[in-house]
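Quick note: the sequence shown uses UniProt numbering, first residue 1, plus one each step.
First comes the structure, then the notes that go with it.
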Amino acid sequence: MVNCMIVKNMSFKVGQTLTVVGVPTADSTNFAINVGPDEKDITMHINPRFTAHGDENAVVCNSFQEGKWCDEHREGGFPFHQGEEFKVIIEFTPAEFVVTLSDGSKIHFPNRMGAEKYSFMSFDGEVRIKSVEIK
């Protein structure tokens, strides 16, 4: 079962924090949190992988621009557990996204597109999103 939840016409700007709370399914292989200007381009793709794409217990970040994936970025811990709630906090600075995972580990991912505001967000894969908050 692959789910997809899309949020359009939102406003996630420099200086704001996005908090996502969710629960991966009991048999989840991976899921993704995506932020970008629209459905075609993703400036920040956070992909926790239990067992997917040749990875095991890894968080892979990337960007999708002009129809292709960029260089993968791997950093931080892996505090995700199938069937257990997680919280991901994303701080948006002018130069980067600072992602704090449930175990306190951080991922510093560059704002590759350089925009000061993004209006599209999606959640893909085997996960149930419980709450999304932008402050």
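Ideal Cβ positions, reconstructed from N, Cα and C, are used throughout, including at glycine.
1) Can you give, in chain order, each stretch of the beta strand (DSSP E) that sits fully within the UniProt domain "Galectin" (4-135) and has at least 3 residues?
2) Count the other CB atoms, across all protein chains shown, that sit within 10 Å of the CB of M1; report buried if there are 16 or more and exposed otherwise.
3) Using the beta-carbon count (16 or more within 10 Å), is S6 buried or exposed?
4) Just to confirm my understanding: we take V60, look at its own chain, exclude 5 residues before and 5 after, and list those with CB closer than 7 Å. What are they?
5) Please classify S131 as buried or exposed, where buried requires at least 16 neighbouring CB atoms within 10 angstroms.
6) Taking the alpha carbon of F92 as the reference point, which residue from S122, N111, F78 and N30 has its own alpha carbon closest?
7) At a cut-off of 6 Å, would you count M44 as near the ligand COA, judging by its Cβ distance to the nearest heavy atom?
8) Below 8 Å on the Cβ atoms is my guess for I129 versus L18; work out the distance and round it to an integer in Å.
9) Among the candidates E85, L101 and F109, whose CA atom is the shortest distance from the CA of C70?
By the coordinates alone:
1) You should have 17-24, 31-36, 42-52, 55-65, 86-92, 96-100, 106-110, 120-125 and 127-134.
2) Locating residue 1 in the sequence shown gives position 1, where the first residue counts as 1. Any answer about M1 is weak, because its pLDDT of 39 lies below 50 and its placement is not dependable; what the coordinates show is given next. Under this definition M1 is an exposed residue.
3) Here the question's residue 6 lines up with position 6 in the sequence shown. The sequence as given places Ile at residue 6; Ser does not occur at that position. I6 comes out exposed.
4) Mapped onto the sequence shown, residue 60 falls at position 60. Taking V60 as the centre and dropping the five residues before and after it, the same chain places the C-beta of N47, R49, E72 and R74 closer than 7 Å to its C-beta, in chain order.
5) Residue numbering aside, residue 131 sits at position 131 when the sequence shown is read from its first letter. With fewer than 16 other Cβ atoms within 10 Å, it is exposed.
6) On the sequence shown, residue 92 is found 92 positions in, with the first residue counted as 1. Proximity to F92 across S122, N111, F78 and N30 peaks at N111, based on C-alpha coordinates.
7) Among the components modelled here there is no ligand, and therefore nothing to report on the ligand COA.
8) In the sequence shown, counting from the first residue as 1, residue 129 sits at position 129. In the sequence shown, counting from the first residue as 1, residue 18 sits at position 18. Not a contact, Cβ separation roughly 12 Å.
9) For the purposes of this step, residue 70 is taken as residue 70 along the sequence shown, with counting starting at 1. Answer by Cα proximity: F109.
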